[in-house]
Ligand code: PLP
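Numbering (my numbering), first residue to last: 34 to 391.
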């Protein structure tokens with residue numbers, strides 16, 4: 034079967050070998066006579082999957098033992114609320130760097146919980162770049178950033194230090210795309226549906242010292258301590274999504290780990306950005322060069338009609354998901370870990386041919 038040329042921003046393409054492995058075990062996981070989604074979450078088979086997914090993530094991202102790995106539901110969007118509910122304590126201010134729609138949404142949720150402050154924003158530059166100056170408020174509870182801006186196609190290359198104030202990052206669209214220094218962060222969260230697996234599970238990596246901040250009167254399911262104390266098995270976790278996360282993590286290991294994945298991601302991004310830069314203004318990249326994302330390549334064509342024609346012909350040629358986000362328009366190619374270099378080359382060839390014909 035021919036695989037689709039799937040450049041969707043999320044849910045996004047998964048590695049074929051992961052899907053094949055899941056298919057192989059679909060009806061009869063580990064000779065249990067049951068599918069993974071039919072296993073009790075208290076069974077030995079499921080517990081082994083759960084533990085293995087945590088161990089693999091710890092290993093691949095070199096997560097120190099003073100950090101908990103939690104599996105939650107509710108997507109990254111629920112984290113916009115859970116972060117301030119758990120960490121924005123009385124008299125403190127949540128600091129936010131605005132780099133796009135998702136960080137705006139994170140701020141809006143925090144405003145409902147307590148005091149907030151915009152530590153930096155690139156809104157006036159149409160979110161084309163990552164701000165280089167950050168000012169922190171008094172009594173800051175934390176600084177929140179969005180490491181990769183899925184919609185605008187910008188990405189942080191260098192992170193602020195967490196020496197004086199806890200750093201929290203929404204890494205939904207670039208976690209696992211390159212090695213990370215986990216200790217530079219106090220809390221990382223990510224919805225799975227780009228680089229980690231299918232939607233349904235949200236990963237939180239939290240420094241244990243932050244867990245003491247969560248107030249007891251929070252609803253049980255909105256308190257990070259509930260997940261930490263019960264190894265994310267207080268209630269029924271999204272078992273099938275966690276199984277697929279485990280398979281994706283095994284794939285990352287088989288591929289050679291994050292250094293190899295990072296090199297491949299750099300190669301793929303370069304192919305598309307070179308195509309844009311060498312097009313003599315036919316394709317116009319949205320992000321400033323130094324803030325360009327290696328996960329979401331956003332661009333426009335120099336005229337709206339040609340832009341529509343491009344998207345239409347791309348669709349006819351089998352390229353899926355190249356429309357920009359509905360809030361900004363234009364074009365976007367999402368090239369997460371599972372997109373092979375060869376598919377990116379096919380897209381670049383298509384873009385060059387389209388330019389020559391128009
Ligand atoms: N944060 C970022 C950076 C995203 O790209 C997205 C979704 O694409 C979200 C948050 C929202 O994630 P979810 O749909 O899992 O709530």
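Glycine is no exception: its CB is placed at the ideal position from the N, C-alpha and C atoms.
1. Please indicate yes or no: does the CB of residue 109 lie closer than 8 Å to some heavy atom of the ligand NAD?
2. Buried or exposed: which applies to residue 335, given that a residue is buried once 16 or more other Cβ atoms fall within 10 Å of its Cβ?
3. Could you compute how far the alpha carbon of residue 378 sits from the alpha carbon of residue 301?
4. Who are residue 100's beta bridge partners in DSSP?
5. May I have the straight-line CA-CA distance separating residue 139 from residue 348, to the nearest angstrom?
6. Quick one: what does DSSP say residue 343 is sitting in, helix, strand or coil?
7. Write down the C-beta distance between residue 333 and residue 364 rounded to the nearest angstrom, noting that I regard them as a contact closer than 8 Å.
8. May I have the straight-line CA-CA distance separating residue 255 from residue 380, to the nearest angstrom?
9. Please state the DSSP three-state secondary structure of residue 330.
10. Can you give me the C-alpha to C-alpha distance between residue 286 and residue 150, rounded to a whole angstrom?
11. Assign residue 38 to one of two classes, buried (16 or more other C-beta atoms within 10 Å of its C-beta) or exposed (fewer than that).
12. Rounded to whole angstroms, what's the CA-CA distance from residue 323 to residue 182? Just pull it up for me.
13. Taking 7 Å as the limit between beta carbons, can you name the residues of its chain near residue 107, skipping five residues before and five after?
14. Spatial neighbours of residue 49 within its chain, please: C-beta separation below 7 Å, excluding the five flanking residues on both sides.
15. If you draw a straight line from the alpha carbon of residue 310 to that of residue 343, how long is it in whole angstroms?
16. Looking at the ligand PLP, does it come within less than 8 Å of residue 42, judged from the CB to the closest heavy atom?
17. Near residue 174, which residues of its chain fall below 7 Å by C-beta distance, leaving aside the five closest residues on each side in sequence?
18. May I ask you to list the residues that DSSP assigns as paired with residue 49?
19. Taking only three categories from DSSP, how would you classify residue 369?
20. Consult DSSP for residue 307 and reduce its assignment to one of helix, strand or coil.
21. Tell me which same chain residues have a C-beta within less than 8 Å of the C-beta of residue 217, skipping the five on either side of it?
22. Run the proximity test for residue 211: is its beta-carbon closer than 8 Å to any non-hydrogen atom belonging to the ligand PLP?
23. On the DSSP letters alone, give me the boundaries of the alpha helix (DSSP H) that residue 108 sits inside.
24. If I follow the unbroken alpha helix (DSSP H) through residue 249, where does it start and stop?
25. Give a single yes or no on whether residue 141 has its beta carbon closer than 8 Å to a heavy atom of the ligand PLP.
26. Counting only the same chain and skipping the five closest in sequence on each side, list residues whose C-beta sits under 8 Å from that of residue 353.
27. Hey, how far is the Cα of residue 248 from the Cα of residue 304?
28. If I measure Cβ to Cβ from residue 251 and keep anything under 8 Å in the same chain, skipping five residues before and after, which residues do I get?
29. Residues bridged to residue 290 by DSSP?
Reading it off the structure:
1. This structure lacks the ligand NAD; its bound ligands are the ligand PLP.
2. Mapped onto the chain shown, residue 335 falls at position 302. Exposed, because fewer than 16 other Cβ atoms sit within 10 Å of the Cβ of residue 335.
3. For the purposes of this step, residue 378 is taken as the residue at position 345 of the chain shown. For the purposes of this step, residue 301 is taken as the residue at position 268 of the chain shown. Residue 378 and residue 301: Cα-Cα distance of roughly 8 Å.
4. Within the chain shown, the letter at position 67 stands for residue 100. 240.
5. Within the chain shown, numbered from 1, the residue matching residue 139 stands at position 106. Within the chain shown, numbered from 1, the residue matching residue 348 stands at position 315. In a straight line, the C-alpha of residue 139 is about 33 Å away from that of residue 348.
6. Within the chain shown, the letter at position 310 stands for residue 343. It is helical.
7. For the purposes of this step, residue 333 is taken as residue 300 along the chain shown, with counting starting at 1. For the purposes of this step, residue 364 is taken as residue 331 along the chain shown, with counting starting at 1. The Cβ separation is near 7 Å, so the contact holds.
8. Walking along the chain shown from the start, residue 255 turns up at place 222. Walking along the chain shown from the start, residue 380 turns up at place 347. Going by the C-alpha atoms only, they are around 42 Å apart.
9. The count along the chain shown starts at 1 and reaches residue 330 at position 297. Note: residue 330 maps to strand in three-state DSSP.
10. For this step, residue 286 is matched to residue 253 along the chain shown. For this step, residue 150 is matched to residue 117 along the chain shown. Whole-angstrom Cα-Cα distance: 40 Å.
11. Locating residue 38 in the chain shown gives position 5, where the first residue counts as 1. Result: buried.
12. Within the chain shown, numbered from 1, the residue matching residue 323 stands at position 290. Within the chain shown, numbered from 1, the residue matching residue 182 stands at position 149. Each residue's alpha carbon lies about 14 Å from the other.
13. Taking the chain shown and counting its residues from 1, one reaches residue 107 at position 74. For residue 107, where only same-chain residues beyond five positions count, the Cβ hits under 7 Å are 235.
14. Numbered from its first residue, the chain shown carries residue 49 at position 16. 36, listed in sequence order.
15. Taking the chain shown and counting its residues from 1, one reaches residue 310 at position 277. Taking the chain shown and counting its residues from 1, one reaches residue 343 at position 310. When rounded, the distance between both Cα atoms is 17 Å.
16. Taking the first residue of the chain shown as 1, we reach residue 42 at position 9. For the ligand PLP, at least one heavy atom lies less than 8 Å from the Cβ of residue 42.
17. On the chain shown, residue 174 is found 141 positions in, with the first residue counted as 1. For residue 174, where only same-chain residues beyond five positions count, the Cβ hits under 7 Å are 120, 121, 122, 125, 126 and 127.
18. Along the chain shown, read from residue 1 onward, the residue named residue 49 stands at position 16. Answer is none; residue 49 lacks a bridge partner.
19. Sequence index remark: in the chain shown, residue 369 carries index 336 (1-based). Residue 369: coil per DSSP, three-state reduction.
20. Position 274 of the chain shown holds residue 307. DSSP places residue 307 in helix when its eight states are reduced to three.
21. By one-based count along the chain shown, residue 217 stands at place 184. The answer, listed in chain order, is 192, 194, 195 and 200.
22. Residue mapping note: residue 211 aligns to position 178 of the chain shown, counting from 1. Outside the cutoff, so no.
23. Numbered from 1 along the chain shown, position 75 holds the residue referred to as residue 108. 108-120 is the span of the alpha helix (DSSP H), which, as asked, contains residue 108.
24. Here residue 249 refers to the residue found at position 216 of the chain shown. Careful: residue 249 lies outside any alpha helix (DSSP H) and carries neither H nor E.
25. Walking along the chain shown from the start, residue 141 turns up at place 108. No; taking the cut-off as 8 Å, the Cβ of residue 141 has no heavy atom of the ligand PLP nearer than that.
26. Taking the first residue of the chain shown as 1, we reach residue 353 at position 320. The answer, listed in chain order, is 37, 38, 39, 40 and 41.
27. Position 215 of the chain shown, counting from 1, holds the residue named residue 248. Position 271 of the chain shown, counting from 1, holds the residue named residue 304. Near 49 Å, if we compare the C-alpha coordinates of residue 304 and residue 248.
28. In the chain shown, residue 251 corresponds to position 218, counting from 1. Cβ neighbours of residue 251 beyond the five flanking positions: 118 and 119.
29. Indexing the chain shown from 1 puts residue 290 at position 257. Looking at the DSSP assignment, residue 290 forms no beta bridge with any residue, so it has no partner.
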